[in-house]
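Below is one structure; the comments refer to it alone.
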Ligand code: TLP
């Protein structure tokens, strides 16, 4: 059966060139700092994001955890969006593991935090309060239609942070999607950020891994945090080799994923019983709402799945489609046909 897997871009399999690079990778013990392939990936990543140094870690969740632990001590507070991945989907690790208190402010539909909401959330120096240390942004914003946050906004948040002696962390799991959609370099989006993480294992199709980028002394702290979380990997060059291919060969093709997402949104919005805002499909993520109250996302995704089209239910009447490396424009047309059929049942 034809499969069109739109559940996530995390489902992507390593490309043939990644598999070759992994097989041939020169490796060493990375906890000793002796893995040449990991070192090369870290240098490349730092350069791409305009930072001094970088650290290869196991996952996006670990990248965020390590970053937060390196900025904050126990009892410190972070300001982040109420739809942030770090808040919703990382087991509350910042509090559970780092002792870090989250203050959430509402994410706007485009993934931004209103600047006056950020200002309002910054604590005064008072014995009753935790100490505000960090503002966390997500770019692109997964739960807000995969929206890219533009450089002007990122700079405005950076300015607030500097005025109050705070740091800025960017969960840039899909920062290259943001840069592609906005027609800028990824480094231009994070020039004001003290740390930025990005995922190799999502839209860039590597099998494993994320990278934390920042100043040299910050990355030295992050290396310690990674170790205590059990993330010191040894001959990790096998994985980093795929990451190098991800950075060199997979960034330029992201526009195809965005075009496919836009096409999907554009046609689905015209189908009776569904609502999608094609204006919101700026990167590779599309949220589809079911307007017909008798139909649940569980039932509709099961119907689609019987014809090989896989989506993720994200609410009782909401589903998510994420275009990715394995999905062609032809697959999108096929998926659209399956949607029409499934809604007629
Ligand atoms: N997102 C996954 C799921 O967890 C929802 C997905 O399929 O989109 N930051 C952002 C913005 C993410 O979207 C994700 C993963 C992470 C961090 C965590 O990355 P991993 O899964 O590598 O720990």
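Residue numbers (our numbering): -14 to 330.
We treat Cβ as the ideally placed atom computed from N, Cα and C, and that holds for glycine.
All figures in this text were calculated on a predicted structure; none of them were measured in a lab.
Cβ neighbours of residue i in the same chain (closer than 7 angstroms, five flanking residues each side left out)
i, result
"residue 263", "247, 250, 251, 254"
"residue 65", "71, 72, 87, 89, 121"
"residue 293", "-14, -13, -12, -11"
"residue 203", "55, 179, 180"
"residue 129", "68, 92, 94, 95, 96"
"residue 11", "21, 22, 222"
Contact under 9 angstroms by Cβ, residue i with residue j
i, j, result
"residue -6", "residue 269", "yes"
"residue 122", "residue 156", "yes"
"residue 45", "residue 60", "no"
"residue -8", "residue 56", "no"
"residue 42", "residue 196", "yes"
"residue 302", "residue 327", "no"
"residue 216", "residue 13", "no"
"residue -3", "residue 186", "yes"
"residue 238", "residue 310", "yes"
"residue 51", "residue 210", "yes"
"residue 274", "residue 261", "yes"
"residue 40", "residue 27", "yes"
The ligand TLP heavy atom lying under 8 angstroms from the CB of residue i
i, result
"residue 132", "no"
"residue 74", "yes"
"residue 45", "yes"
"residue 241", "no"
"residue 211", "no"
"residue 52", "no"
"residue 110", "no"
"residue 49", "yes"
"residue 184", "yes"
"residue 92", "no"
"residue 231", "no"
"residue -3", "no"
"residue 257", "no"
"residue 0", "no"
"residue 127", "yes"
"residue 180", "no"
"residue 237", "no"
"residue 187", "yes"
"residue 279", "no"
"residue 282", "no"
"residue 71", "yes"
Where residue i falls, given that 16 or more other Cβ within 10 Å makes a residue buried
i, result
"residue -14", "exposed"
"residue 105", "exposed"
"residue 201", "exposed"
"residue 92", "buried"
"residue 208", "buried"
"residue 229", "buried"
"residue 267", "buried"
"residue 147", "exposed"
"residue -12", "exposed"
"residue 286", "buried"
"residue 33", "buried"
"residue 272", "buried"
"residue 322", "exposed"
"residue 329", "exposed"
"residue 81", "exposed"
"residue 339", "Beyond the ends of the chain as shown, which are -14 and 330, falls residue 339; an answer cannot be given."
"residue 165", "buried"
Option in the options with minimal Cα separation from residue i
i, options, result
"residue 133", "112, 159, 66, 108", "159"
"residue 163", "153, 81, 289, 183", "183"
"residue 103", "78, -3, 81, 143", "143"
"residue 15", "9, 178, 25, 6", "25"
"residue 259", "279, 108, 138", "279"
"residue 114", "62, 99, 67, 48", "62"
"residue 108", "10, 149, 28, 20", "149"
"residue 168", "153, 243, 110, 232", "243"
"residue 138", "329, 290, 177", "177"
"residue 124", "145, 98, 116", "98"
"residue 188", "241, 219, 154", "241"
"residue 131", "314, 307, 315", "307"
"residue 74", "58, 127, 265", "127"
"residue 47", "19, 31, 77, 165", "77"
"residue 30", "291, 290, 175", "175"
"residue 324", "111, 299, 290, 300", "290"
Sequence-distant residues of the same chain with beta carbon closer than 6 angstroms to residue i, five excluded per side
i, result
"residue 317", "245, 248, 249"
"residue 297", "-8, 305"
"residue 53", "79, 83, 85"
"residue 7", "223, 226, 227"
"residue 206", "55"
"residue 140", "177"
"residue 338", "Outside the displayed range of the chain (-14 to 330) lies residue 338, so it cannot be described from this structure."
"residue 116", "61"
"residue 19", "13"
"residue 38", "31, 201, 204"
9 angstroms Cβ cutoff, residue i in contact with chain D
i, result
"residue 267", "The chain labelled as chain D is not found in the depicted structure, where only one protein chain is given."
Beta-carbon contacts of residue i that lie in its chain and below 8 angstroms, excluding the five residues immediately before and after
i, result
"residue 3", "190, 191, 192, 226, 227, 230, 231"
"residue 234", "0, 2"
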